[in-house]
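Q: This is the structure I want to talk about, given as structure tokens.
Protein chains: 2
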Amino acid sequence: MTKSALQIARAAYQPKLPKALKGAVKVVEGEATQSVADQEEIKKLFPNTYGMPLLKFVEGEQKEFAPVNVGVILSGGQAPGGHNVISGLFDGIKKMNPANRLYGFILGPGGLVDHNYKELTADVIDEYRNTGGFDIIGSGRTKLEKEDQFEKGYEILKELGIKALVIIGGDDSNTNACVLAEYYAAKNYGIQVIGCPKTIDGDLKNDMIETSFGFDTACKTYSEVIGNIERDCNSARKYWHFIKLMGRSASHIALECALQTQPNICLISEEVEAKNMSLDDIVTYIANAVVARAAEGNNFGTVLVPEGLIEFIPAMKKLIAELNDFLAVHADEYAAVEPNKQREYIISKLSADNAAVYASLPEGVARQLTLDRDPHGNVQVSLIETEKLLSEMVGKKLAAWKAEGKFAGKFSAQHHFFGYEGRCAAPSNFDADYCYSLGYTAAVLIANGKTGYMSSVRNLTAPAEEWIAGGVPITMMMNMERRHGEMKPVIQKALVKLDGAPFKAFAAVRDTWAKETAYVYPGPIQYFGPTEVCDQPTKTLQLEHQK
Amino acid sequence: MTKSALQIARAAYQPKLPKALKGAVKVVEGEATQSVADQEEIKKLFPNTYGMPLLKFVEGEQKEFAPVNVGVILSGGQAPGGHNVISGLFDGIKKMNPANRLYGFILGPGGLVDHNYKELTADVIDEYRNTGGFDIIGSGRTKLEKEDQFEKGYEILKELGIKALVIIGGDDSNTNACVLAEYYAAKNYGIQVIGCPKTIDGDLKNDMIETSFGFDTACKTYSEVIGNIERDCNSARKYWHFIKLMGRSASHIALECALQTQPNICLISEEVEAKNMSLDDIVTYIANAVVARAAEGNNFGTVLVPEGLIEFIPAMKKLIAELNDFLAVHADEYAAVEPNKQREYIISKLSADNAAVYASLPEGVARQLTLDRDPHGNVQVSLIETEKLLSEMVGKKLAAWKAEGKFAGKFSAQHHFFGYEGRCAAPSNFDADYCYSLGYTAAVLIANGKTGYMSSVRNLTAPAEEWIAGGVPITMMMNMERRHGEMKPVIQKALVKLDGAPFKAFAAVRDTWAKETAYVYPGPIQYFGPTEVCDQPTKTLQLEHQK
Numbered sequence: 001m002t003k004s005a006l007q008i009a010r011a012a013y014q015p016k017l018p019k020a021l022k023g024a025v026k027v028v029e030g031e032a033t034q035s036v037a038d039q040e041e042i043k044k045l046f047p048n049t050y051g052m053p054l055l056k057f058v059e060g061e062q063k064e065f066a067p068v069n070v071g072v073i074l075s076g077g078q079a080p081g082g083h084n085v086i087s088g089l090f091d092g093i094k095k096m097n098p099a100n101r102l103y104g105f106i107l108g109p110g111g112l113v114d115h116n117y118k119e120l121t122a123d124v125i126d127e128y129r130n131t132g133g134f135d136i137i138g139s140g141r142t143k144l145e146k147e148d149q150f151e152k153g154y155e156i157l158k159e160l161g162i163k164a165l166v167i168i169g170g171d172d173s174n175t176n177a178c179v180l181a182e183y184y185a186a187k188n189y190g191i192q193v194i195g196c197p198k199t200i201d202g203d204l205k206n207d208m209i210e211t212s213f214g215f216d217t218a219c220k221t222y223s224e225v226i227g228n229i230e231r232d233c234n235s236a237r238k239y240w241h242f243i244k245l246m247g248r249s250a251s252h253i254a255l256e257c258a259l260q261t262q263p264n265i266c267l268i269s270e271e272v273e274a275k276n277m278s279l280d281d282i283v284t285y286i287a288n289a290v291v292a293r294a295a296e297g298n299n300f301g302t303v304l305v306p307e308g309l310i311e312f313i314p315a316m317k318k319l320i321a322e323l324n325d326f327l328a329v330h331a332d333e334y335a336a337v338e339p340n341k342q343r344e345y346i347i348s349k350l351s352a353d354n355a356a357v358y359a360s361l362p363e364g365v366a367r368q369l370t371l372d373r374d375p376h377g378n379v380q381v382s383l384i385e386t387e388k389l390l391s392e393m394v395g396k397k398l399a400a401w402k403a404e405g406k407f408a409g410k411f412s413a414q415h416h417f418f419g420y421e422g423r424c425a426a427p428s429n430f431d432a433d434y435c436y437s438l439g440y441t442a443a444v445l446i447a448n449g450k451t452g453y454m455s456s457v458r459n460l461t462a463p464a465e466e467w468i469a470g471g472v473p474i475t476m477m478m479n480m481e482r483r484h485g486e487m488k489p490v491i492q493k494a495l496v497k498l499d500g501a502p503f504k505a506f507a508a509v510r511d512t513w514a515k516e517t518a519y520v521y522p523g524p525i526q527y528f529g530p531t532e533v534c535d536q537p538t539k540t541l542q543l544e545h546q547k
Numbered sequence: 001m002t003k004s005a006l007q008i009a010r011a012a013y014q015p016k017l018p019k020a021l022k023g024a025v026k027v028v029e030g031e032a033t034q035s036v037a038d039q040e041e042i043k044k045l046f047p048n049t050y051g052m053p054l055l056k057f058v059e060g061e062q063k064e065f066a067p068v069n070v071g072v073i074l075s076g077g078q079a080p081g082g083h084n085v086i087s088g089l090f091d092g093i094k095k096m097n098p099a100n101r102l103y104g105f106i107l108g109p110g111g112l113v114d115h116n117y118k119e120l121t122a123d124v125i126d127e128y129r130n131t132g133g134f135d136i137i138g139s140g141r142t143k144l145e146k147e148d149q150f151e152k153g154y155e156i157l158k159e160l161g162i163k164a165l166v167i168i169g170g171d172d173s174n175t176n177a178c179v180l181a182e183y184y185a186a187k188n189y190g191i192q193v194i195g196c197p198k199t200i201d202g203d204l205k206n207d208m209i210e211t212s213f214g215f216d217t218a219c220k221t222y223s224e225v226i227g228n229i230e231r232d233c234n235s236a237r238k239y240w241h242f243i244k245l246m247g248r249s250a251s252h253i254a255l256e257c258a259l260q261t262q263p264n265i266c267l268i269s270e271e272v273e274a275k276n277m278s279l280d281d282i283v284t285y286i287a288n289a290v291v292a293r294a295a296e297g298n299n300f301g302t303v304l305v306p307e308g309l310i311e312f313i314p315a316m317k318k319l320i321a322e323l324n325d326f327l328a329v330h331a332d333e334y335a336a337v338e339p340n341k342q343r344e345y346i347i348s349k350l351s352a353d354n355a356a357v358y359a360s361l362p363e364g365v366a367r368q369l370t371l372d373r374d375p376h377g378n379v380q381v382s383l384i385e386t387e388k389l390l391s392e393m394v395g396k397k398l399a400a401w402k403a404e405g406k407f408a409g410k411f412s413a414q415h416h417f418f419g420y421e422g423r424c425a426a427p428s429n430f431d432a433d434y435c436y437s438l439g440y441t442a443a444v445l446i447a448n449g450k451t452g453y454m455s456s457v458r459n460l461t462a463p464a465e466e467w468i469a470g471g472v473p474i475t476m477m478m479n480m481e482r483r484h485g486e487m488k489p490v491i492q493k494a495l496v497k498l499d500g501a502p503f504k505a506f507a508a509v510r511d512t513w514a515k516e517t518a519y520v521y522p523g524p525i526q527y528f529g530p531t532e533v534c535d536q537p538t539k540t541l542q543l544e545h546q547k
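Chain order of the listed sequences is A and B. Residue numbering for the first sequence follows UniProt numbering, beginning at 1 and increasing consecutively. Residue numbering for the second sequence follows UniProt numbering, beginning at 1 and increasing consecutively.
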């Protein structure tokens, strides 16, 4: 494969490891743990993997390890650094015993079930060090949650002599990793399962997992292009740029990018929900900022919109629920209505509140809500172009205000959606180091016979040398939540906390940012320059550690 | 203003200058020049600025220069490096005589006409060295082409004691700079006018101007995100990404990005026109690539689409022309037609060929062609989402082929449009050096009393030390072209040459790229690393220089 100059130069980078992982490692056991909530239920569901102690690695004496084969799976959406988790894992198990072998399952958990794998030798690994993407073995979204999947997996693990499986994924994948660990333990199959915290969304974090990998690089990549757009915005002085950012439910990415680039407006879904804001409240909030800036001659601005916003607007949530219910029953009747009468038809069928919300939506979005449905008949919220919806409604409101003499400026919008641009970026130094350490940590957990643990590397705002590596029992992060109508043990998803330091820092300055043009231009991720340019963790992490 | 760590570190960068500009400069005059075509007409229109010699700078002896005030204007769309042209100009005139002063006209040529300006002192300049954007004085699209504008400009130039004006812009702005130079020369106003070649589009180039500034940085920024998307594409293995790229008429940006990232498909507008391809030809070409890749299990790919494509499809060009003519006369009649009968109505009114093309278009695009019209009543081609149009039509064709048993794969698309993401990126080392040299060159031209010249810095694939600086008479690049129904003297626009080295290099390998997954991941622009990573010019320039 042809490589860019940067790829070639970057291949030589040796990721930094915490001090404790540089030589022989000793595992120090902490106190027994409890799940964050619902202790009784979780304990009952995980008799073999519940209550295990926290583990911390310190420098130790050289030991001998029996050879072991290891499997690895990439699960779910791509995140920068996945290849470094795998190379850290590879180097880790080779260090324990050079006879150890690593197998990668192809295209996600499905590869385990379908017995689709390849051995990851030094040659393969060396091609992927410090690169972005998950293409070394691919990823997939198959959920490992059924016994027959576990058994199919066991067949191939046994065949390959694999004694430990590392699952690199988000909260759901790590929940499933724990279920699998418990299952194999209960069956005495002798197979360990270790999780690694991956997701650009940043919503897999807690006291023991300071951040999920990929969040750093993805946010920096988005902030680079947001900063470039802001500079364009501030040079041309004629557009409002509405920028939607990936991140599913949580607004961590939008918030981090806002802290890095200081846009005029950044919406935070969690706040919208907490304040019970309506779509019109949001539109009015933005329109007011447009008016205030126009009064100073600034007919331009930048608005960040988190991907999940729509579902956090309580009124929209209700509308979508009623639409789902109604169309589940009346889909054929609806389809028979003439296209230009469909809107009317829907309005006539909804409850008064929801009908009013529906009527307020621009044509295109209204249509999207009733036409584009997933195989379960549900509205596909992720397809809604929220950035265009908002700018269209803001434009309409401003036109009305103009007619009333309340607005004398100009309003013209451009739209952007960033997601795929950052999920496979080459990892920043931070993510390169963090991921390599997470993978290496997984190797140490395996060598020490652990299962049901997640790799944990903490103290991340300190130099890598001082990072603290160890393992966290996955059950410790669990609680019971309703999923598809059933109570399930799951890792608690971390949404943006409105009393957390990052949000509070943002909230304290956003009115100034809205009015003034306080843009910051982070520029592209740098790998070779001064440390203050190349090695800084996210603002989110820095603020959380100042607490 | 808050600055990012990179901005702070980058402020200290000292752009590299050609050897001849490092000390005292001697101006060597070459032969008298001719315009590229229509010599008689151009000569008649530019009696004072036609036929001037090419100028080349070499090392010379220190001279004394009388103090002079200089004005500068940024014209048209942003391009990375504009601030460095201005800082090079500033440093250049200060070196000639520290008493020299620089004034910037605000928000483009309109600032000259409206007497809106500010002095650019060392403090101001230092804030903007090596930064992206045009925000130091802003830019604008007012065209300087009328006598009363020239006279209004003269008033403020006289008032500020400005003896020379530097206009940083694209082909049209430089054409106008030359008209202004001629006008002031004819009037004996004693005001010199110098142009600088700016545009990310890359379409202002010729034998003397090897590239316009900003093209390098913009293409590298787009290639970064395209590479990231390709890596995502190759990891998830389930989407075809359709990526539209800015660049107005010319496909230089798409071609350069293709050379950097090796996508499966890159459309080149100039080729589409030369081969008289229809929209269906293009769609079939893409669909065939999808089928071939699907046959090998690769249901994913990346397609680059140049912004101007639609207008280069001869059949679409004809359709648009007929629509413009028809709606100019029948707009009211059309508006009175019921929305769901409008498509039928248009089809019934068009000539057979154009009606067939119109009928083949997806609903949304067809509507856009008749509804969204500019103030002159013309279709706004730039608003057409070509990337969505193509993927929709490819999807439709594949569905038909599937029904016929000719396609057994999957086809799912994602869409992107990159433009604003790169126009204001911080300049690469290349653009930082090139722009600074262009600005410095303008200062030398001014000090030597020149007018009607464009700054020229050549030999750009050699180290900056060996670059050749000088001046090119703008008339030399001109020919007569029909614009808005009138023959006008203009700088020849440089489209992609199908017999040029960059296109030929691409054409030689594109079939392989279409079938195989040959992606290259350039990663973000680096400023501090090894020279092969940080200092390479574009592939376009490298290939053109190999000729």
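Ideal Cβ placement from N, Cα and C applies to all residues, glycine included. The structure displayed is predicted, hence computed values, not measured ones.
(1) Is the beta carbon of Ala274 of chain B sitting closer than 7 angstroms to the one on Leu498 of chain B?
(2) Within 7 angstroms (strictly less), CB to CB, does Ala336 of chain B reach chain A?
(3) Alpha carbon to alpha carbon, how far is Pro80 of chain B from Asp431 of chain B?
(4) With 7 angstroms set as the bound, which would you pick, yes or no: does the beta-carbon of Ile229 of chain A sit closer than that to a beta-carbon of chain B?
(5) What's the gap between the Cα of Ile347 of chain B and the Cα of Tyr334 of chain A?
(6) Less than 7 angstroms separating the beta-carbons of Ala258 of chain B and Phe417 of chain B?
(7) Quick check for students: name the residue ranges of the alpha helix (DSSP H) that lie wholly in the segment 365-403 of chain B, counting only runs of 4 or more.
(8) Checking the sheet assignment: what are the DSSP bridge partners for Leu74 of chain A?
(9) Restricting to Cα atoms, I'd like to know which of A:Asp114, A:Pro47, A:Ile136 is closest to Asp123 of chain A.
(10) Is Gln78 of chain A close to chain B, meaning its C-beta is less than 7 angstroms from at least one C-beta of that chain?
(11) Considering only residues of the same chain and omitting the five flanking positions on each side of Val501 of chain A, which have a CB-CB separation below 7 angstroms?
(12) Between Gly133 of chain B and chain A, is the shortest Cβ-Cβ distance under 7 angstroms, so that the two count as touching?
(13) Could you pull the start and end residues of the beta strand (DSSP E) that His416 of chain B belongs to?
(14) Using the Cα positions of Glu145 of chain B and Arg482 of chain B, report the straight-line distance between them to the nearest angstrom.
(15) Rounded to whole angstroms, what is the Cα-Cα separation between Met316 of chain A and Ser278 of chain A?
(16) Compute the Euclidean distance between the alpha carbons of Gly104 of chain B and Pro18 of chain B, then round it to the nearest angstrom.
(17) So Ala287 of chain A and Gly409 of chain A are in contact, right, with Cβ under 8 angstroms, and what is the actual spacing, rounded?
(18) With a threshold of 6 angstroms, establish whether the CB of Val272 of chain B neighbours any heavy atom of the ligand FMN.
(19) Looking only at C-alpha atoms, which of B:Ala236, B:Glu147, B:Gly77 sits nearest to Thr199 of chain B?
(20) So which residues on chain A does Leu6 of chain B lean against when the C-beta distance must stay under 7 angstroms?
(21) When the Cα atoms are used, what is the spatial distance from Leu102 of chain B to Thr540 of chain A?
(22) With a threshold of 6 angstroms on Cβ separation, who are the neighbours of Gly92 of chain A within its own chain once the five nearest residues in sequence on each side are excluded?
(23) Determine the DSSP secondary structure at Tyr189 of chain B, reduced to helix, strand or coil.
(24) Identify every residue that forms a DSSP beta bridge with Met246 of chain A.
(25) When you compare the CB positions of Ala5 of chain A and Glu147 of chain B, do they come within less than 7 angstroms of one another, or not?
(26) Residues of chain A with a CB under 8 angstroms from the CB of Lys515 of chain B: which are they?
(27) What residue does the beta strand (DSSP E) around Ala425 of chain B start on, and which one ends it?
(28) To which residues of the same chain is Ala399 of chain A closer than 7 angstroms at the C-beta, ignoring the five residues directly before and after it?
(29) Pull up the distance between the alpha-carbon of Pro362 of chain B and that of Gln526 of chain B, whole angstroms please.
(30) Where do the ends of the alpha helix (DSSP H) carrying residue 550 of chain B lie?
(31) Taking the DSSP output, what are the residues bridged to Ser455 of chain A?
A: Considering the structure as presented:
(1) Position 274 of the second sequence, counted from the start, is the residue given in the question as residue 274 of chain B. Position 498 of the second sequence, counted from the start, is the residue given in the question as residue 498 of chain B. Yes, Cβ-Cβ distance for Ala274 of chain B and Leu498 of chain B is below 7 angstroms.
(2) As a first step, residue 336 of chain B must be located in the second sequence, where it is residue number 336. For Ala336 of chain B, the answer is no, since every Cβ of chain A falls outside 7 angstroms of its Cβ.
(3) Walking along the second sequence from the start, residue 80 of chain B turns up at place 80. Walking along the second sequence from the start, residue 431 of chain B turns up at place 431. If you take the alpha carbons of Pro80 of chain B and Asp431 of chain B, they lie about 7 angstroms apart.
(4) Here residue 229 of chain A is taken as the residue at index 229 of the first sequence, counted from 1. Judged by the 7 angstroms Cβ criterion, Ile229 of chain A is in contact with chain B.
(5) Looking up residue 347 of chain B in the second sequence gives position 347. Looking up residue 334 of chain A in the first sequence gives position 334. So the two alpha carbons sit approximately 29 angstroms from each other.
(6) Here residue 258 of chain B refers to the residue found at position 258 of the second sequence. Here residue 417 of chain B refers to the residue found at position 417 of the second sequence. Contact: no.
(7) DSSP runs (the alpha helix (DSSP H)) wholly in the segment 365-403 of chain B: 386-403.
(8) On the first sequence, residue 74 of chain A is found 74 positions in, with the first residue counted as 1. A:Ile168.
(9) Taking the first residue of the first sequence as position 1, residue 123 of chain A is located at position 123. The candidate whose alpha carbon is nearest that of Asp123 of chain A is A:Ile136.
(10) Counted from its first residue, the first sequence places residue 78 of chain A at position 78. Yes, its Cβ sits closer than 7 angstroms to a Cβ of chain B.
(11) By 1-based counting over the first sequence, the position of residue 501 of chain A is 501. For the record, residue 501 of chain A in the displayed sequence is Ala; it is not Val. For Ala501 of chain A, where only same-chain residues beyond five positions count, the Cβ hits under 7 angstroms are Leu543, Glu544, Gln546, Lys547.
(12) Residue mapping note: residue 133 of chain B aligns to position 133 of the second sequence, counting from 1. Put simply, the CB of Gly133 of chain B is near chain A, with a gap under 7 angstroms to one of its CB atoms.
(13) Position 416 of the second sequence, counting from 1, holds the residue named residue 416 of chain B. His416 of chain B -> beta strand (DSSP E) spans 413-418.
(14) On the second sequence, position 145 is the one that residue 145 of chain B refers to. On the second sequence, position 482 is the one that residue 482 of chain B refers to. Looking at the two C-alpha atoms, the distance is approximately 16 angstroms.
(15) Your numbering for residue 316 of chain A matches position 316 in the first sequence. Your numbering for residue 278 of chain A matches position 278 in the first sequence. Between the C-alpha atoms of Met316 of chain A and Ser278 of chain A there is a straight-line separation of about 8 angstroms.
(16) Taking the second sequence and counting its residues from 1, the one referred to as residue 104 of chain B is at position 104. Taking the second sequence and counting its residues from 1, the one referred to as residue 18 of chain B is at position 18. Straight across, the Cα-Cα distance linking Gly104 of chain B with Pro18 of chain B is about 25 angstroms.
(17) Translated into the one-based positions of the first sequence, residue 287 of chain A becomes position 287. Translated into the one-based positions of the first sequence, residue 409 of chain A becomes position 409. So it is not a contact: roughly 11 angstroms between Cβ atoms.
(18) The ligand FMN is absent from the structure shown, which contains no ligands of any kind.
(19) Against the second sequence, residue 199 of chain B aligns to sequence position 199. When each option's Cα is compared against that of Thr199 of chain B, the closest is B:Gly77.
(20) The residue you call residue 6 of chain B lines up with position 6 of the second sequence. Chain A residues near Leu6 of chain B: Pro522, Gly523, Gln526, Val533.
(21) Against the second sequence, residue 102 of chain B aligns to sequence position 102. Against the first sequence, residue 540 of chain A aligns to sequence position 540. Looking at the two C-alpha atoms, the distance is approximately 42 angstroms.
(22) To locate residue 92 of chain A, count along the first sequence from 1; it is residue 92. Result list for Gly92 of chain A: Tyr440, Ala443, in chain order.
(23) Position 189 of the second sequence holds residue 189 of chain B. Correct three-state label for Tyr189 of chain B: coil.
(24) Counting from 1 along the first sequence, the entry for residue 246 of chain A is found at position 246. Within the DSSP bridge table, the entry for Met246 of chain A names no partner.
(25) As a first step, residue 5 of chain A must be located in the first sequence, where it is residue number 5. As a first step, residue 147 of chain B must be located in the second sequence, where it is residue number 147. No, they are not a contact pair.
(26) Looking up residue 515 of chain B in the second sequence gives position 515. Under the 8 angstroms cutoff, chain A gives no residues; its nearest Cβ is about 15 angstroms from Lys515 of chain B.
(27) For the purposes of this step, residue 425 of chain B is identified with residue 425 of the second sequence, where counting begins at 1. Where Ala425 of chain B is concerned, there is no enclosing beta strand (DSSP E), because DSSP gives it neither an H nor an E.
(28) Within the first sequence, numbered from 1, the residue matching residue 399 of chain A stands at position 399. Here Ala399 of chain A has no same chain residue with a Cβ atom under 7 angstroms from its own Cβ, once five neighbours each way along the sequence are excluded.
(29) Translated into positions along the second sequence, residue 362 of chain B becomes position 362. Translated into positions along the second sequence, residue 526 of chain B becomes position 526. Taking C-alpha positions only, Pro362 of chain B is separated from Gln526 of chain B by approximately 42 angstroms.
(30) This structure does not reach residue 550 of chain B, given that chain B is present from 1 up to 547, and the question cannot be answered.
(31) The count along the first sequence starts at 1 and reaches residue 455 of chain A at position 455. DSSP, once it has assigned bridges, lists A:Gly471 as partnering Ser455 of chain A.
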